[in-house]
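Heads up: the protein sequence lines correspond to chains A and B, in order.
Each residue of the first sequence is one higher than the last, beginning at 1 in the UniProt record's numbering.
Each residue of the second sequence is one higher than the last, beginning at 1 in the UniProt record's numbering.
To start, the structure itself, in structure tokens.
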Amino acid sequence: MSEFRIALRPALGSAVKPAPRGVAMTAMPEGHVVQVLGSPQGPDLSKMLLGKNAGASPHAVRSAGPGQWFIVGDTPLSHSEFTTIATGLKPHAAAVDQSHGRVRIRLEGAMVERTLAKGTAVDLDLRMFPVGNSTTTLLGHISVHLTRVDVAAFEIMVLRGFAESLWENLVRMNVEFA
Amino acid sequence: MASIISCPHCGARPREEFTIQGAVLPRPASDAGTKAWMDYVYLRDNPRGCHREYWHHTSGCRRWLVITRDTVSHEVETCHDAALAKETEARP
């Protein structure tokens, strides 16, 4: 038995929210992130996922490539809740708990598209990338999962170890509008 | 190098999101002999014009794609998912 207890601390605990005019940045609650891995040739499970697992939060089920989805939420999942999701997906797909592994950041404001355009090549025009749309892309050199959660708001999901670095990058991208 | 690749799943993306794997070649049978396998693993043409290649959308959908690219103009003619289109050639 180790002398040290492993303590889970927020990935962006020390990060400071900059004073914004154009874009507000928020570290989202570290609730739950469930990765759903189905077959690329298999059926579209998004409707089935929405019905059972979306809860109250809009856009809780996000596409992440052929046969892959993320289910996200602000509250942590208990073991039994996760087991229910995983069992419900059989035999179409497997569920992987990524709650400890991925961190979500919310960007909101009039200049949010112009901020993100500094780091990614995705066409973020509202007509091309409407509310609820999501995709995996690069933001600078960091791989992220990007979702438009509102007309002028995006949610960025990033691997935990890259969260602080990405946050610093975003702050720098925001300086122009701060 | 092509600079914009239209991924069938993600749309137009810069080539920085992709990793190139090399020419699409028919894989020899497992008992084809040393010469066939040496050719398959090491020998490559350096074509001028249309060229079929495997690309991996590493920072996107993480799917393997087959791309027809013009090595002179860098234009990408076609781009489709290697597995979903049931490519007969196996991945190198």
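Glycine included, C-beta positions come from ideal geometry on N, C-alpha and C.
Residue nearest to B:Ala23 in terms of C-alpha spacing, selected from B:Cys10, B:Trp37 and B:Asp45: Reading the second sequence from its first residue, position 23 is the one you call residue 23 of chain B. Closest option to B:Ala23, Cα to Cα, is B:Asp45.
Closest residue to A:Asp150 among A:Leu139, A:Ser143 and A:Arg127 (Cα-Cα distance): Position 150 of the first sequence, counted from the first residue, corresponds to residue 150 of chain A. Relative to A:Asp150, the option among A:Leu139, A:Ser143 and A:Arg127 whose CA is nearest is A:Arg127.
8 angstroms contact criterion, which B:Thr71 and B:His51 should meet: CB distance rounded: The residue given as residue 71 of chain B occupies position 71 in the second sequence. The residue given as residue 51 of chain B occupies position 51 in the second sequence. About 5 angstroms; that satisfies the 8 angstroms criterion.
Beta-carbon gap between B:Tyr42 and B:Pro28 smaller than 8 angstroms: As a position in the second sequence, residue 42 of chain B is number 42, starting the count at 1. As a position in the second sequence, residue 28 of chain B is number 28, starting the count at 1. No, these two residues do not count as a Cβ contact at 8 angstroms.
Terminal residues of the beta strand (DSSP E) in which A:Val72 lies: Here residue 72 of chain A is taken as the residue at index 72 of the first sequence, counted from 1. Start and end: Gln68 to Gly73.
Reduced DSSP category for A:Ala178 - H, G, I as helix; E, B as strand; rest coil: Here residue 178 of chain A refers to the residue found at position 178 when the first sequence is read from its first residue. A:Ala178: coil per DSSP, three-state reduction.
The region 132-148 of chain A: positions lying closer than 8 angstroms to chain C by Cβ: The chain labelled as chain C is not found among the protein chains of the depicted structure, namely A and B.
Per-residue DSSP class, three states only, for B:Pro8: Locating residue 8 of chain B in the second sequence gives position 8, where the first residue counts as 1. In this structure, B:Pro8 counts as coil in the three-state DSSP scheme.
Where A:His79 sits in the DSSP three-state scheme: Here residue 79 of chain A refers to the residue found at position 79 of the first sequence. Here A:His79 sits in helix by DSSP.
Paired residues, beta bridge with B:Thr78 - DSSP: Residue numbering aside, residue 78 of chain B sits at position 78 when the second sequence is read from its first letter. In DSSP, B:Thr78 forms a bridge with B:Thr68.
B:Ala36: first and last residue of the uninterrupted alpha helix (DSSP H) it sits in: Numbered from its first residue, the second sequence carries residue 36 of chain B at position 36. Start and end: Thr34 to Tyr42.
Start and end residues, beta strand (DSSP E) containing B:Phe16: Against the second sequence, residue 16 of chain B aligns to sequence position 16. Looking at the sequence itself, residue 16 of chain B is Glu, so the reference to Phe does not match. Careful: B:Glu16 lies outside any beta strand (DSSP E) and carries neither H nor E.
Beta-carbon gap between A:Arg148 and A:Asn133 smaller than 8 angstroms: One-based indexing of the first sequence puts residue 148 of chain A at position 148. One-based indexing of the first sequence puts residue 133 of chain A at position 133. In this structure, A:Asn133 lies closer than 8 angstroms to A:Arg148 by Cβ.
For A:Phe162: DSSP bridge partner residues: Your numbering for residue 162 of chain A matches position 162 in the first sequence. Looking at the DSSP output, A:Phe162 sits in no beta bridge, so it has no partner there.
7 angstroms Cβ shell around A:Glu113 - same chain, five flanking residues per side excluded: Locating residue 113 of chain A in the first sequence gives position 113, where the first residue counts as 1. Sequence-distant Cβ neighbours of A:Glu113 in its own chain, meaning closer than 7 angstroms and more than five residues away, are Leu124.
Closest residue to residue 193 of chain A among A:Val23, A:Arg21, A:Arg5 and A:Ala27 (Cα-Cα distance): This structure cannot settle anything about residue 193 of chain A, because the visible part of chain A is limited to 1 through 178.
Candidates A:Gly73, A:Leu45, A:Leu12 and A:Leu50, of which the one nearest A:His32 by Cα: On the first sequence, residue 32 of chain A is found 32 positions in, with the first residue counted as 1. When each option's Cα is compared against that of A:His32, the closest is A:Gly73.
Min CB distance B:Ser59 to chain A below 8 angstroms: The residue given as residue 59 of chain B occupies position 59 in the second sequence. Chain A, which has a Cβ nearer than 8 angstroms to the Cβ of B:Ser59, makes this yes.
Proximity of A:Ala93 and A:Gly140 at Cβ, strictly below 8 angstroms: The count along the first sequence starts at 1 and reaches residue 93 of chain A at position 93. The count along the first sequence starts at 1 and reaches residue 140 of chain A at position 140. Not a contact, by the Cβ cut-off of 8 angstroms.
Close Cβ partners of B:Ala85 (< 8 angstroms) along its chain, the five nearest in sequence each way excluded: Mapped onto the second sequence, residue 85 of chain B falls at position 85. Cβ within range, chain order: Val66.
Separation of A:Glu176 from A:Pro43, as counted between CA atoms: Indexing the first sequence from 1 puts residue 43 of chain A at position 43. Indexing the first sequence from 1 puts residue 176 of chain A at position 176. A straight line joining the alpha-carbon of A:Pro43 with that of A:Glu176 spans about 45 angstroms.
Contact set for A:Asp97: own chain, Cβ-Cβ below 7 angstroms, skip 5 residues either direction: Residue numbering aside, residue 97 of chain A sits at position 97 when the first sequence is read from its first letter. Counting only Cβ-Cβ distances below 7 angstroms, and skipping sequence neighbours, we find Val34 and Phe82.
Close-in-space but distant-in-sequence residues of the same chain around B:Ile20 (CB under 7 angstroms, 5 per side omitted): Taking the second sequence and counting its residues from 1, one reaches residue 20 of chain B at position 20. Around B:Ile20: Glu53 and Trp55.
Cβ neighbours of A:Ala11 in the same chain (closer than 6 angstroms, five flanking residues each side left out): What you label residue 11 of chain A is simply residue 11 of the first sequence in a count that begins at 1. For A:Ala11, where only same-chain residues beyond five positions count, the Cβ hits under 6 angstroms are Val103, Arg160 and Ala163.
Any chain A beta carbon closer than 8 angstroms to B:His9: The residue labelled residue 9 of chain B in the question sits at position 9 within the second sequence. Yes, B:His9 counts as interfacial toward chain A.
For A:Asn174, the nearest candidate out of A:Arg9, A:Arg5 and A:Met25 (CA to CA): On the first sequence, residue 174 of chain A is found 174 positions in, with the first residue counted as 1. Check the Cα spacing between A:Asn174 and each of A:Arg9, A:Arg5 and A:Met25: the tightest is with A:Met25.
DSSP state of A:Arg114 mapped onto helix, strand, coil: As a first step, residue 114 of chain A must be located in the first sequence, where it is residue number 114. Here A:Arg114 sits in helix by DSSP.
Assigned secondary structure, A:Leu170 (DSSP; H/G/I helix, E/B strand, else coil): To locate residue 170 of chain A, count along the first sequence from 1; it is residue 170. DSSP places A:Leu170 in helix when its eight states are reduced to three.
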